[in-house]
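Asks: With full-length UniProt numbering, the residue at position 64 of the sequence shown is 64, and numbering never jumps.
Each residue gets a CB set at the ideal place from its N, CA and C atoms; glycine is no exception.
Let me give you the structure first, and then I'll get to my questions.
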Amino acid sequence: MAPLKYLQAYPVTLQDKVRELIAQERLGEHLAKRYPDRHEVQSDKALYAYVAALKQQHLKNAPGIDKVLYDARLDVLRNALGLHTAISRVQGGRLKAKKEIRVASLFKAAAPEFLQMIVVHELAHLKELDHNKAFYQLCTYMLPDYHQLEFDLRVYLTWRELPSTDHTDMRER
Numbered sequence: 001m002a003p004l005k006y007l008q009a010y011p012v013t014l015q016d017k018v019r020e021l022i023a024q025e026r027l028g029e030h031l032a033k034r035y036p037d038r039h040e041v042q043s044d045k046a047l048y049a050y051v052a053a054l055k056q057q058h059l060k061n062a063p064g065i066d067k068v069l070y071d072a073r074l075d076v077l078r079n080a081l082g083l084h085t086a087i088s089r090v091q092g093g094r095l096k097a098k099k100e101i102r103v104a105s106l107f108k109a110a111a112p113e114f115l116q117m118i119v120v121h122e123l124a125h126l127k128e129l130d131h132n133k134a135f136y137q138l139c140t141y142m143l144p145d146y147h148q149l150e151f152d153l154r155v156y157l158t159w160r161e162l163p164s165t166d167h168t169d170m171r172e173r
């Protein structure tokens, strides 16, 4: 059977369960039952407020964020669902670093839990640059179900790439 590219790091038993749902054409239905809602964070301004509120709640001492936006250029194929950057600019005689968080536009139509997981992931990079133990501990501090949501998000991405899938909304399946 074809490899599940988003799930390759997970145990074969989990991959087989996903393959079974795909074979039965029930993966979209399964996801819709688990994540029936769609979030209302649709504009860059609303996304900035959403990210700022999560940062204030969990990472008060982390550096400020200057820009947050949905980015249609982020490519799921290169595993870029979100992106954090620090852009350095010379202003006057000083060097200023501006922190940005970009979230892939596909998350405008996603479940609120998936958006929260991506934002938590990118916020964790404000304190931990690498995907190490401390990084994932910070993610689970901010979002206790982080690992389950990351897995489910990978299942969602798998479902989105199925040839017979209507990508507008998983509730339509």
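(1) With a cut-off of 8 Å on the beta carbons, I'd call Arg154 and Tyr6 a contact; round off their distance for me.
(2) Tell me, to the nearest whole angstrom, how far the beta carbon of Ala109 is from that of Arg38; I am working on the premise that it is less than 8 Å.
(3) Express the C-alpha separation of Lys99 and Gly64 in angstroms, rounding to a whole number.
(4) In whole angstroms, what separates the C-alpha of Asp130 from that of Leu123?
(5) Let's see if you can read the secondary structure: which residues bound the beta strand (DSSP E) around Val51?
(6) Only counting the same chain, and skipping five residues up and downstream in sequence, which positions put a Cβ closer than 6 Å to that of Ala134?
(7) On the CB-based measure, 16 or more other CB atoms within 10 Å of its CB, does Tyr141 come out buried or exposed?
(8) Thinking C-beta only, is Met117 closer than 8 Å to Tyr156?
Replies: Looking at the coordinates:
(1) By one-based count along the sequence shown, residue 154 stands at place 154. By one-based count along the sequence shown, residue 6 stands at place 6. The Cβ separation is near 4 Å, so the contact holds.
(2) Along the sequence shown, one-based indexing puts residue 109 at 109. Along the sequence shown, one-based indexing puts residue 38 at 38. 6 Å between Cβ atoms; contact.
(3) Numbered from its first residue, the sequence shown carries residue 64 at position 64. Numbered from its first residue, the sequence shown carries residue 99 at position 99. Distance between the alpha carbons of Gly64 and Lys99: 7 Å.
(4) Your numbering for residue 130 matches position 130 in the sequence shown. Your numbering for residue 123 matches position 123 in the sequence shown. Cα-Cα distance, rounded: 12 Å.
(5) In the sequence shown, residue 51 corresponds to position 51, counting from 1. Per DSSP, Val51 belongs to no beta strand (DSSP E); it is in the alpha helix (DSSP H), 44-58.
(6) To locate residue 134, count along the sequence shown from 1; it is residue 134. Glu128.
(7) In the sequence shown, residue 141 corresponds to position 141, counting from 1. Of the other Cβ atoms in all chains shown, fewer than 16 fall within 10 Å of the Cβ of Tyr141; this residue is therefore exposed.
(8) Here residue 156 refers to the residue found at position 156 of the sequence shown. Here residue 117 refers to the residue found at position 117 of the sequence shown. Result no, Cβ atoms of Tyr156 and Met117 do not sit closer than 8 Å.
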